[in-house]
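Peer 1: Mind looking over this structure? Questions follow.
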Amino acid sequence: MTEVNVSIENVILGLDSVSKRFVVRKGWIKNRFNAIHDISFALQKNKPEILAIVGESGSGKSTIAKILLELETPTTGRVIHDGRYQTKKSRRERKNRLLFRSDVQPIFQDPFGTFNPLKPIDGYLRETAASFRVGEPTDEVMDSALHKVGLSLSEIQGRYPGELSGGQLQRISIARALIVQPSVLVADEPHSMVDASLTVSIVNLFKSLKETMGISVVYITHNLATAQYISDNIIVLHRGETVECGPIEDVLTQPRHPYTQDLIASIPKPDPSQKWDDKVVDDQMEETEYTMKGCKYANRCSKVMERCRRQDPDKRTVDRVQVKCFLYD
Amino acid sequence: MNVVSLEGLKAHYINELYGAIKTTRAVDNVSLDIRPNEILGIAGESGCGKTTLLKILSSTIKPPLKIVQGKAAFHFDGKEIEFGDEAKLDEHRWRTIAYIPQGSMHVLNPVRKIRHTFHDFLEHHVDIDRKELDRRITDYLQQLGLSAKVLNSYPHELSGGMKQRVIIGLATYLRPKLILCDEPTTALDVMVQRNIVQLLRRIQKEQGNTIVLVSHDLALHANITDRIAIMYAGKLVEIASTKQIFDRPLHPYTRLLINSLPSLDGTNELTGLSGQPPVLSDPPPGCRLHPRCPYVETRCRTEEPPLRTFGDRTAACFRISDGGECEY
């Protein structure tokens, strides 16, 4: 589920009201803004799910990924891993870090940027296997991981990243993550650099990993259509805040927040008879929206009220969905 | 009169490495007419030669890219300009042909204000004083939905969508007849993508230009284009109106592309294309799709299907009957 109402022992990975503040300097003036603000969710043990985090660029999606992977420390709030809160001390201990890494693995955005072009690709897999699967025959470990993503060791042995396509490279980075036998994958826009026709193969792979191996996936994307296709729950982010979250079928079939509605209307439909209307929603400067008072969508919202500009709406629960909007009082 | 006509065009990348010549057939035997006032989409996977075709259309042909065979001509104001006529084409660049390359948001010079970028672009074309020019640019940008503040900003202060709009503003300020857009929305998210597409459509309506739009996203094509040319491994495999392509795709590749599109309405299992696109320096014999095609016949493996015309559309596949029906 997306709220932290489950007891903490059952949580494999989660965030408890996490915020991250960045400082932007303009001459002598320091501007502080919250890249993400008060984000909470939890993935449960023994109940694998795919959680989609969607939002436009600059909505804090990648900051969440970095915090989940402990590449960034939250300003306030805590990360929950395997039934325990991560603390400063636990992050420093090597044993703990290894434990965390072997449970949570990243898949990055750009497969061409992930791998060193001058290093054979199987080296990455071999290193991971040697440090996380000590005592097991490395080649077999690599081969079985590659088989799960539809490749084999003989296909990629000794090849360089430049010789492989984007789709293959992305699958290899998934295979590398699988060697560690994680319980959660954090995938930050895993197919944005891959062709539309190959996107499906990567997305289908996540689905089968969840079903056959019980791996949970935090799937960060701006593509609502693929999110709908594979995910169980969804969090819609706007300027660092959760505007709507809940089970995917509820959120996408009956979007409540105006931002979610606009997002859904913006997906191009593969049907020439349903073209977009000519209504244009202008995009705003990122900085103005981040530092705004009140609801951060007020400038673009079609149902804006006077009250939205003064006051920040709280989260309220409608059916199974949480919405951050005054419309549902 | 067609704006551009290509006839049997072959353009190859010819690389010589330690005496061995490697030829990449990026555009192979392409015949295409671009009609005035239409939005033509070119779709296909990465590495199928879409961008190369656009480079040829914008006549920025630099070695190792070389036109090996075929004829290409532009028709502007009743005059025909052939390819290779560099001096004449130079005159037309930016004024009649505007090219928005892929990732063009990054062309904006990070240490110069947008105002100066505009001046740099326009100084060879417009002969009026700076103040008047500034006023006109501000007016034009306002039509595109950008505030006057943008002119005094540096590129890093603008969001991706705003940068893309500035680029479109730069490219269309001189009201060119032909606008070539290469993946104008790849790095942008859905809402900005919608804005940009609507902006392009509006400009096309107001100025009456011809737009060639290259993208691998067929859903985007459905929203903006009038006609679509589907490209696979350097060849055009199907050309038809957007409605025809989506209602009744003839070529198996088109059908596979459409089937791989996820949509919010259906939850049916999606099928991607199996296998990899062919390497263009060594394409498979016969029909280039045959290793990945589920409807393959024996002759597909050896013979190459010609591009055939069925009424007002064309497709290249053996398994389409002469009446234009799919036999698979």
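First to last, the sequence lines map onto chains U and Y. Numbered per numbering that gives the first Met the number 0, the first sequence finishes at 328, counting up by one with no gaps. Numbered per numbering that gives the first Met the number 0, the second sequence finishes at 327, counting up by one with no gaps. Glycine included, C-beta positions come from ideal geometry on N, C-alpha and C.
1) Within the same chain, show all residues whose beta-carbon is closer than 8 Å to that of residue 198 of chain Y, passing over the 5 residues directly before and after it, in chain order.
2) Quick one: is the Cβ of residue 172 of chain U within less than 7 Å of any heavy atom of the ligand MN?
3) At a Cβ cut of 9 Å, what residues of the segment 184 to 211 of chain Y count as close to chain B, listed as they run along the chain?
4) Under 8 Å between the Cβ atoms of residue 174 of chain U and residue 218 of chain U?
5) Beta-carbon within less than 6 Å of residue 104 of chain U's beta-carbon, same chain only, minus the 5 sequence neighbours each way: which residues are those?
6) If you reduce the DSSP assignment to three classes, tell me which class residue 3 of chain U lands in.
7) When the cut-off is 8 Å and only beta carbons count, does residue 103 of chain Y lie next to chain U?
8) Which of the three DSSP states is assigned to residue 159 of chain U in this structure?
9) Over what stretch of residues does the beta strand (DSSP E) that includes residue 153 of chain Y continue unbroken?
10) Taking only beta-carbon positions, decide if residue 147 of chain U is within less than 8 Å of chain Y.
11) Pull up the DSSP beta-bridge partners for residue 21 of chain U, would you.
12) Within a Cβ cutoff of 7 Å, which residues of the same chain sit near residue 18 of chain U, ignoring the five residues on either side of it in sequence?
13) Against chain Y, with Cβ distances strictly below 8 Å, would residue 224 of chain U count as a contact?
14) Could you tell me whether the Cβ atoms of residue 179 of chain Y and residue 99 of chain Y are closer together than 8 Å?
15) Can you list, in chain order, the residues of its chain with a C-beta nearer than 8 Å to that of residue 208 of chain Y? Leave out the 5 residues immediately preceding and following it.
16) Mind reading off the beta-carbon distance from residue 274 of chain Y to residue 291 of chain Y? Whole number of angstroms is fine, and I expect it under 8 Å.
17) For residue 261 of chain U, name the three-state secondary structure that DSSP assigns.
18) Run down chain Y in chain order and give the residues with a C-beta less than 7 Å from the C-beta of residue 274 of chain U.
19) Using C-beta distances below 7 Å, list every residue in its chain close to residue 162 of chain Y, excluding the 5 sequence neighbours before and after it, in chain order.
20) For the 8 Å Cβ check, are there 3 or more pairs between the segment 94 to 110 of chain U and the segment 134 to 154 of chain U?
21) Within 8 Å of any Cβ in chain Y, is that where the Cβ of residue 199 of chain U sits?
22) Give me the Cα-Cα distance between residue 259 of chain U and residue 320 of chain Y, rounded to the nearest whole angstrom.
23) 8 Å is my cut-off, CB to CB: does residue 268 of chain U come that close to chain Y?
24) For the pair the segment 73 to 85 of chain Y and the segment 238 to 252 of chain Y, tell me if three or more CB-CB distances fall below 8 Å.
25) Short of 6 Å in beta carbon distance, which residues of its chain neighbour residue 88 of chain Y, apart from the five on each side in sequence? Order them along the chain.
26) Check the Cβ of residue 237 of chain U against every Cβ in chain Y and list those closer than 8 Å, keeping chain order.
27) Just to check my reading of the structure: residue 12 of chain U and residue 80 of chain U have Cβ atoms closer than 8 Å, yes? What is that Cβ distance to the nearest angstrom?
28) Would you be able to state if there are at least three C-beta pairs under 8 Å between the segment 183 to 198 of chain Y and the segment 261 to 276 of chain U?
29) Sorted by chain position, which residues of the same chain lie with C-beta nearer than 6 Å to residue 3 of chain Y's C-beta, five sequence neighbours on each side aside?
30) Where DSSP assigns a beta bridge to residue 77 of chain U, which residues make up the other side?
31) So is residue 218 of chain Y in contact with chain U if we call contact Cβ pairs under 8 Å?
32) Just how far apart, CA to CA, sit residue 141 of chain Y and residue 134 of chain Y?
33) Suppose contacts are defined by Cβ-Cβ distances below 8 Å. Is residue 320 of chain U in contact with residue 261 of chain U by that definition?
Peer 2: This is what the structure gives:
1) 143, 144, 164, 167
2) What this structure holds is no ligand at all, so the ligand MN is not there to describe.
3) Absent from the structure: chain B. Protein chains present are U and Y.
4) no
5) 176, 179, 181, 184
6) Residue confidence for residue 3 of chain U is low, a pLDDT of 47 falling below 50, so the modelled location carries little weight and cannot support an answer.
7) no
8) coil
9) Taken as a continuous stretch (DSSP letters only), residue 153 of chain Y belongs to no beta strand (DSSP E), as it is neither H nor E.
10) no
11) U:32
12) 33, 35, 36, 37, 73, 74, 75, 76
13) yes
14) yes
15) 36, 171, 174, 175, 176, 177, 178, 202
16) 4 Å
17) helix
18) 222
19) 104, 107, 154
20) no
21) yes
22) 46 Å
23) yes
24) no
25) 58
26) Neighbours of residue 237 of chain U on chain Y: none; closest Cβ ~10 Å, over 8 Å.
27) 6 Å
28) yes
29) 33, 73
30) U:15
31) yes
32) 11 Å
33) no
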